[in-house]
Amino acid sequence: MASKNNAPVKSSAATSGSTQDKAWLLSVYQEMCYYRRFEERVLQAYTQQKFAGFCHVHIGQEALCVGVQRALRPTDYMISGYRSHTQSIAKGIPGKEVFSELYGKVTGCSKGNGGSMHMFSKEHRFLGGHGIVGGQVPLAAGVGFAINYEKRDDIIVCYIGDAATNQGQFHEALNMAATWKLPCLFVIENNRYGMGTDIKRTTSIDHLWKRALAFDMDHGEVDGMNVQTTHAFLEGVVAGIRKTKRPYLLDAICYRYKGHSVSDPGLYRSKEEMAEWMAKDPIIQLGDFIKKSKMATDAELKALDTKAKEMARADEDFAEEQDIPPDSQVWQNVYAD
Amino acid sequence: MSILTYREALGRAMTEEMVRDPKVFLMGEEVAQYNGAYKVSKGMLDRFGPERVIDSPISEGGFAGLGVGAAMVGLRPIIEMMTWNFGIQAFDQIINHAAKMLYMSSGQFNVPIVFRGPNGAAHMLAAQHSQTIEGMLTQVPGLKVVTSCNPADGYGLLKSSIRDNNPVIFLESEMMYAMKGEVPDDEHLIPLGVGSIKRAGQHVTLIAWAKMVSRAMDCAEQLAAEGVECEVIDPRCLRPLDEEMIFNSVRKTHRIVIIEEAYQAASVGSYIAEQVQRFCFDELDAPVMRVANEFVPMPYAESLEHLVMPEVERIIPVIKQVLYMR
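Protein chains in written order, with my numbering: chain Z, 18 to 354; chain A, 4 to 329.
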């Protein structure tokens, strides 16, 4: 998909197919509202000290999460870093299990052994939630290797933060993926800050898709704040990987509205910058499109959001009522039989 | 029985397991076309083809992680580290990922993988090529750590390691690859966690593993001439550790010397010493003594290297000390 001059293929304003369909748009709108409301409840619960540990929320990055997920098949794999509450829900893990995991409850998707950073589901092929920046990238290459080894046509999506592209293992994994044609979609969630450090202060290149040039890897850039263009673009990318087995590096431009973690007030970002990105809010953007296209009224969208709030509340209520793990669990699953 | 070298025994183990289970593959630097830096995988590319015997780039962290990811979705990789000194590059994948995956996911994703390669000093390879890593990795819950001291043990233990459903650190030695020994012709598996008595004796227990077993055997041979019967025991697996075998030997001899090619502080040997004093306190007729590397990076010059390693002339006085011999 890379053009001759190595510039990336960019998502354009033109969208097609499902991204113009009313039912699709409304369900995407509701899903994004749900993730927003879910993370807001997570944030609130954390602030109220209902659980502890590290907690990284995804608010602002919903469009990318949904736009990618809806281009996948259930049999495709996904692996991510430590900001993966809503990605894991998108991949199929029920929100109540994700909230339970945050609460350290036995009904959590990792039964309370993982917490915020380590969501797992074998059933839904979500291979974690990983806490070592960049460490999940070789794992994704391994899954791609296994897919080819067993001659299947699944793919694996590997989410990476922008700053993980400076980690050695990222480069090692991309080299292997490109050399051996592993069906991996590496998605850089480029929110432009590695914790509190502006990527520009630590990185010699101006666009992170350029990392792909070193490996002669297909690459592209999307406006990750726009779910329609993101999804339309991803459908092509995913079909391409499935067909050619060539891995792909996607530079997805997005923004997190909250700090790196809950404890981070985000003082390194200006009010102007925040305002500029809030104006591109993925949910507002889509809502405006839906209203302008006369597919739904303001009141109807509000009803979808209300429903999303109720879903998030139900997830938290469920988590609160569940049991903590039994003490015996501490000794289980250190070794497999 | 056939006489095989240690490298041939390991190669046979891998080959048999790859024939048995199509999910097993071998990846590492120079394992395929070059037939292995130490020729352990000789002939395997021809036999299994490039899909299953794969030359990796020089990216230890990367290909170790690739193995972990492949293992998470059902393959059974054997990852060769050309030496464990290079394998240190992969410690993030081994410690943070392979070892933790089953626990973090509460049993959903196990990682059946073997990381294997030579460990410890060879001969005049200097500081960056002469390290032992068993002390570091037995510290990590979720890993199994396996050593062997002869071709038969290497064969039987590597086969069990490949069949194990956990990440296994399999430690070899450059100095042992050419060692010859009898290996059973029939398939034989040695369970992980079961030690081996290499020489029975009444007077003192010598515990050693990997190439230190042959040092212990040399000491036993020399001391036999002086009427001392040493019992040489090899735990083989350092995690899980066959503590019962160690305690039983100490209950018999009442004295123990721990010989290891590692540093004394926070090592496998220090753990064994602690266990012995705790569980065999009343049995001991002498303090638990230890011989290990001097606490310096490995020097290059042969004479200096010799001073660092636990050599026979440094071990024997310690054995005599626990026997109160002059």
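Using N, Cα and C, we set each Cβ at its ideal position, and we do this for glycine too.
- At a cut-off of 8 Å between beta carbons, V160(Z) contacts chain A.
- The beta carbon of Q104(Z) sits closer than 6 Å to the beta carbons of C82 and S97 from its chain, once the five residues preceding and following it are set aside; these are given in chain order.
- Per DSSP, reduced to three states, the secondary structure at M248(A) is helical.
- The CB of P155(Z) comes closer than 9 Å to the CB of S62, G64, G65, F66, A67, G68, L69, G70, V71, G72, Q96 and H100 in chain A, given here in chain order.
- When C-alpha distances from A219(A) are compared across V143(A), M312(A), I318(A) and H191(A), the shortest belongs to I318(A).
- In this structure, F71(Z) lies away from M136(Z), with their beta-carbon atoms at least 8 Å apart.
- Annotation for S164(A): V117, V149, V171 and F173 place their beta carbon closer than 6 Å to its own, counting only its chain and skipping 5 residues before and after.
- In the three-state reduction of the DSSP assignment, S138(Z) falls in the strand class, which pools E and B.
- Across the structure, V235(A) and I200(A) are spaced so that their CA atoms are roughly 6 Å apart.
- Using a 10 angstroms sphere on the CB of Q184(Z), the tally of other CB atoms reaches 16 or more, which defines it as buried.
- The C-beta of M234(Z) comes no closer than 8 Å to any C-beta of chain A.
- Bounds of the beta strand (DSSP E) holding F143(Z) are F143 to G146.
- Chain order gives the chain A residues near K139(Z) as Q111 and F112, where near means a beta carbon separation below 7 Å.
- Taking V347(Z) as the centre and dropping the five residues before and after it, the same chain places no C-beta closer than 8 Å to its C-beta.
- Nearest to Q37(Z) by alpha-carbon distance, out of K326(Z), D344(Z), M312(Z) and D322(Z), is M312(Z).
- Excluding the 5 residues flanking it on each side, E333(Z) has same chain C-beta neighbours closer than 7 Å at R58, A62 and F116, in chain order.
- Within chain Z, N350, V351, Y352 and A353 have C-beta atoms less than 8 Å from the C-beta of L105(A), given in sequence order.
- Counting of Cβ neighbours within 10 angstroms places S127(Z) among the buried residues, the total reaching 16 or more.
- When C-alpha distances from K288(Z) are compared across K275(Z), F232(Z), I300(Z) and P299(Z), the shortest belongs to K275(Z).
- Put simply, the CB of L144(Z) is near chain A, with a gap under 8 Å to one of its CB atoms.
- Here DSSP, grouped into helix, strand and coil, assigns H75(Z) to coil.
- Under DSSP, V115(Z) shares a beta bridge with no residue.
- Partner residues in the beta bridge of K27(Z), as assigned by DSSP, are E238(Z).
- Look at L160(A): its C-beta is not under 8 Å from any C-beta on chain Z.
- Of the residues assessed, E293(Z) falls on the exposed side of the cut-off, its CB having fewer than 16 other CB atoms within 10 angstroms.
- When secondary structure is reduced to three states using DSSP, I96(Z) falls in the strand class.
- Under DSSP, the beta-bridge partners assigned to G120(A) are L174(A).
- Setting aside the 5 residues that flank it on each side, Q205(A) is surrounded in the same chain by E232, E234, K255 and T256, each with a C-beta closer than 8 Å to its C-beta; the list follows chain order.
- For the pair G241(Z) and T247(Z), the CB atoms are nearer than the 8 Å cut-off.
- With a beta-carbon spacing of about 5 Å, Y272(Z) and G77(Z) fall inside the 8 Å limit used to define contacts.
- In this structure, DSSP gives R58(Z) a helical state, which the three-state scheme calls helix.
- Residue range V244 to T261 is occupied by the alpha helix (DSSP H) that includes G257(Z).
- Neighbourhood of Q339(Z) in chain A, by CB distance below 7 Å: empty, with the nearest CB roughly 14 Å away.
- Around the beta-carbon of S280(Z), fewer than 16 other beta-carbon atoms lie within 10 Å, marking it exposed.
- In the DSSP assignment, D221(A) falls within the unbroken alpha helix (DSSP H) covering M215 to A227.
- Between the region 141-151 of chain Z and the region 17-33 of chain A, the count of Cβ pairs shorter than 8 Å is below three; the stretches do not touch.
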